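Residue numbers (this note's numbering), protein chains in the order written: chain A, 389 to 663; chain B, 136 to 720.
Take a look at the structure below.
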C-alpha cells in the first residue's frame, strides 16, 4: 500500500475552504443583485440620487469583495502544502504603490461622488415657499404641528404640556398665534411641493425616518433641526423612530400621507373646522 | 553568558504561596492569563445574552421560566442589548487581545523579563476585575440593567429612572464600570508603551519587532489617548445624574409630563465624547487581531510577511486616522452637515491602509506552503471576515447612503462581521497558536478544526443575511417586529439567523471543552511546535518565571525569516547569531 503522503490532509481542507468561500460569494452576490430585499421605491428625486450612489458603491465594493474572496480561495488551494518549497520574497514595493494609489482613487472618488446627494438636502436650506411642519417627538409618539391659517407657529411652554388634556406640545394658552395651530398624530403633505420638517424632541433623542424618502434625522432635545423633501408620489408611507429612545422604541411609528394638492387643502380645512 | 552581570535585567524572583503566585501576582504571564480568563467568562455571558436576544426576536411570546413575568418584555430585551454590547466590546474585545495575549507575549517577544511596571500591571487587572463585577451587578439591582445601549446616549441615560426601567441604579453601575475600565486601561496602556520603547532586546529595532508587537504597541497608544475622554464623559454623566449638573441636558425637558430642572447642556456633547473614544476603541479591538493574523499567516505559509514595513506603517496609519473619523457615527445626529462631509472623506481614507493590509495578507499566502493547522484556519477566516465586514463600512461612510442605512441592521451586520467575528477569530487564532507556549500542552487539532468550521460557516450564516434585513429597512434595537407593520416580511430571515446563532453558539462548547481538557490532558508541548521564528519559541513551554531562564536573547534579524534561500531549515529564529544561523545552511 502506498504510504500516506505527509500533508495529504491539506488537500481536503484546502478544497473545502476554497469551495466554501466561492459558494459564500456566489450566494451573497446573488442575493444582493437580485434585489429581493430592496427597500421600497424612492419617492423623491434626491432619493433616487441616494439609490444611484448606493448602486455605485455596491458595484465598487462588490468587485473588491469578489476579487478578494476568490483571490483568497485561489491562494488557499493553489499554495496548499503539497510538498513544494515556499517562494521567498519580502514583498514588492511597486505593487504596494500601485494598489495603494488605486485604492485611494477608488475610495476617495466614491466618497466625493456621493457628496452631491448629501449636499442637495443638507447644505441647501428649504425654499421660502416650502410648507413648514413641526415634528415633535416624545416617548413614544410623533406629533405634527401645522401653523394654521395665520402661518405662524404659536409659542410653546413645556410647563403646559399635558397629553391627557389634549395639549401634548404645550401650546402656550397666552399666545394667540397658537390658537389655530393644527396638531395631529400623522403627517399629511401635498405631492410635488417642498416640505420643511422642523424636528424637535421633548425628552430623549428620537428619529424621524421614512424609507421611501431615503431620509432620516435625529430629533434632539434642545435643538430644532430642519430637513426638507419633495415627494413625487401619492401614497401612505411608514414613519419609524430609529434612535433608541426607551422601552417603547420599537413601537414608535406613524404614517406619512402624501396626497394631492386638493386633498391637502381639504385636510387643512377640515382641521380648521374642527377647532 | 552571565545574564545578571551584563544584561542589566532585574532579578526576577519566583513568588511563594498560592496568593502571590496566582491571585495577586506581578508576573505578566499570570496577569495575562487572568485577563484571558476574565474575557472567557465575559464572552460566555455575552453569547448567552445574544442567544436570548436572537430567541426573543423570533419567538417573542415564548414562556421563559427564568424571566420574571414569564415572557420577555421590551425593556428586558433592551437590557440584553445594552449588556451584550457593553460586555463584549469592553470585557472581551478590549481585554483578551491586549490585556490577555498582549500582556503575556509582548515582553517575551521583545526579549524582556516582564513589563516595565509589574505592580501597575497587577493593579490594572484588578481594577478591570472590579469593573466587571460592577457591570454584572447591574443585572441584580432594583430596576435591572440599563436599556440605553452600549452607547448610552443622553438624555435617555442622563436623567435616572424617569426615562425607563434600568435607568436608575443599573445605569449608574454601568457608568461606574466603564469608568473603572477606562482607568485600568490607561494604566495598562502606559505599561505597554514604556515596555515596548524601553525593554527591547539588543538588536531588536522597531522594524524587527513582530507585527503582533506593533499591533499591541499602536493599540496602547490609541488607548492612552482615547480612554481618558470616555472617563471624563462618564464622570460628567454621573454628575448630571446625581449632582444636578447639566453637561448633557438642555432646558425644557419634559418626561412623563414633568419638567426636568436641567438647563444649558447638549446631548451632542455626550456623543462627541463617547465616539471620540468609541471609534479608536473599535480599532483597539481589531489591531491586535491584525497583528496576530499577519504573524500566523506568515508562520503557516512558511514565508515572510509580504511588505512587512508597509504592514507596520498601515497599523500606524489606521491608528492615526482612527482618531479623525468619530463623526461618522453622528452624520444624522444634528451635527453640522459640513462636518459630516469632512468625516466622510476621512473615513473613506481609513479604508486605504485596511486595503493595503488585505492585499499584503494575500501576498503573504501567495507562493507559500500553506499548512492548515487550526491557528491558520482562524487566521484565514479572519482575512475573509475582515474583507466582508470592512467593505460594508464603505456604504456607511457616505452620509447620503447613511440616510438609508443608519440605525438599521446593516450597521449591526457591519460591526459584527469586523468585531463580533473577525476580531474574535483573531482571539481564537492567538489561543490555538499560543496555548502550547502558555500551558505546555497541545490543544486537540480535530476538535479545533470542527470548532473552526462550524463557527466560520455559522458566522456567515448569521451576519451576511443581516445586511439584507437592514437594506429592506429593518431597524436595530427593536424589541420585536410588531410596531412597524412592514417588518413582518423580514421574519423568515430573522428565523434563519437565529437558528444559525443557536448552532454557532452551541459549537463554542467544543472550544471550551478543548481548552480546559487540554490544560490537563493535552499532549506535552515542545518549545517550538510550529517551527516559528519569534523569541517566545526559544524558551520553555510554559516559560520560566523570568521568561528566559536567565539567558536573555539578542536579536540578529527580522521576525519572519522563513524559507530563506540557501538554508536547509525553512525558518531562522530571531535570536540565532550569524554563525549559528550559518550552521542551518
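We treat Cβ as the ideally placed atom computed from N, Cα and C, and that holds for glycine.
All of these numbers come straight from a predicted model, not from anything done at the bench.
C-beta neighbour in chain B for residue i, strict 7 Å
i, result
"residue 659(A)", "no"
"residue 622(A)", "no"
"residue 465(A)", "no"
"residue 546(A)", "yes"
"residue 573(A)", "no"
"residue 646(A)", "no"
"residue 502(A)", "yes"
"residue 506(A)", "yes"
"residue 673(A)", "Beyond the ends of chain A as shown, which are 389 and 663, falls residue 673(A); an answer cannot be given."
"residue 586(A)", "no"
"residue 664(A)", "With chain A running from 389 to 663 in the structure shown, residue 664(A) is simply not present."
"residue 529(A)", "no"
"residue 488(A)", "yes"
"residue 582(A)", "no"
Within-7 Å CB hit, residue i to chain A
i, result
"residue 210(B)", "yes"
"residue 437(B)", "yes"
"residue 487(B)", "yes"
"residue 477(B)", "no"
"residue 638(B)", "no"
"residue 534(B)", "yes"
"residue 448(B)", "no"
"residue 612(B)", "yes"
Beta-carbon spacing of residue i, residue j below 7 Å
i, j, result
"residue 433(B)", "residue 427(B)", "no"
"residue 704(B)", "residue 719(B)", "yes"
"residue 326(B)", "residue 250(B)", "yes"
"residue 260(B)", "residue 166(B)", "yes"
"residue 571(A)", "residue 531(A)", "yes"
"residue 564(B)", "residue 510(B)", "yes"
"residue 345(B)", "residue 219(B)", "no"
"residue 603(B)", "residue 652(A)", "no"
"residue 625(A)", "residue 536(B)", "no"
"residue 471(A)", "residue 497(B)", "no"
"residue 397(B)", "residue 381(B)", "yes"
"residue 499(A)", "residue 479(B)", "yes"
Residue environment, residue i, which counts as buried when at least 16 other CB atoms sit within 10 Å
i, result
"residue 341(B)", "exposed"
"residue 574(A)", "exposed"
"residue 404(A)", "exposed"
"residue 657(A)", "exposed"
"residue 206(B)", "exposed"
"residue 605(A)", "buried"
"residue 375(B)", "buried"
"residue 395(B)", "buried"
"residue 455(A)", "exposed"
"residue 140(B)", "Any reading at residue 140(B) must be qualified, since the residue scores a pLDDT of 37, below 50, and its modelled position is unreliable; the value itself is stated next. Its Cβ having fewer than 16 others within 10 Å, residue 140(B) is exposed."
"residue 567(A)", "exposed"
"residue 660(A)", "exposed"
When the options are compared against residue i, the one with the closest alpha-carbon
i, options, result
"residue 599(B)", "581(B), 262(B), 629(B)", "629(B)"
"residue 647(A)", "450(A), 580(A), 517(A)", "580(A)"
"residue 469(B)", "445(A), 614(A), 564(A)", "614(A)"
"residue 553(B)", "587(B), 489(B), 567(B), 164(B)", "489(B)"
"residue 511(A)", "380(B), 435(B), 471(B)", "471(B)"
"residue 590(B)", "557(B), 333(B), 575(B)", "557(B)"
"residue 424(B)", "231(B), 549(B), 187(B)", "231(B)"
"residue 287(B)", "392(B), 706(B), 407(B), 202(B)", "407(B)"
"residue 461(B)", "299(B), 361(B), 622(B), 213(B)", "361(B)"
"residue 416(B)", "711(B), 221(B), 706(B)", "221(B)"
"residue 535(A)", "552(A), 526(A), 546(A), 563(A)", "563(A)"
"residue 213(B)", "699(B), 285(B), 601(B)", "285(B)"
"residue 149(B)", "682(B), 414(B), 686(B)", "682(B)"
"residue 521(A)", "588(A), 529(A), 492(A)", "588(A)"
Interface partners of residue i on chain C, CB under 9 Å
i, result
"residue 398(A)", "Looking at the structure shown, chain C is missing, and the protein chains on hand are A and B."
Could you tell me whether the stretch 473-482 of chain A touches the stretch 500-517 of chain B, where touching means 3 or more Cβ pairs closer than 8 Å?
These segments touch.
Would you call the stretch 607-620 of chain A in contact with the stretch 550-558 of chain A, where contact means no fewer than 3 C-beta pairs closer than 8 Å?
Verdict: no, contact absent.
Does the stretch 280-288 of chain B come into contact with the stretch 306-314 of chain B, if we say contact requires no fewer than three beta-carbon pairs (one atom in each stretch) closer than 8 Å?
With three or more CB-CB distances shorter than 8 Å, the stretch 280-288 of chain B counts as touching the stretch 306-314 of chain B.
Cβ contact (3+ pairs, closer than 8 Å) linking the stretch 645-654 of chain B and the stretch 576-590 of chain B:
Yes, the stretch 645-654 of chain B touches the stretch 576-590 of chain B.
Per the contact definition of three or more C-beta pairs closer than 8 Å, is the stretch 347-365 of chain B in contact with the stretch 234-246 of chain B?
Segments in contact, yes.
Evaluate contact between the stretch 289-296 of chain B and the stretch 311-326 of chain B, counting only Cβ atoms and requiring at least three cross-stretch pairs below 8 Å.
These segments do not touch.
Three-pair Cβ contact test at 8 Å for the stretch 528-546 of chain B versus the stretch 193-212 of chain B:
They do not touch, by the three-pair rule.
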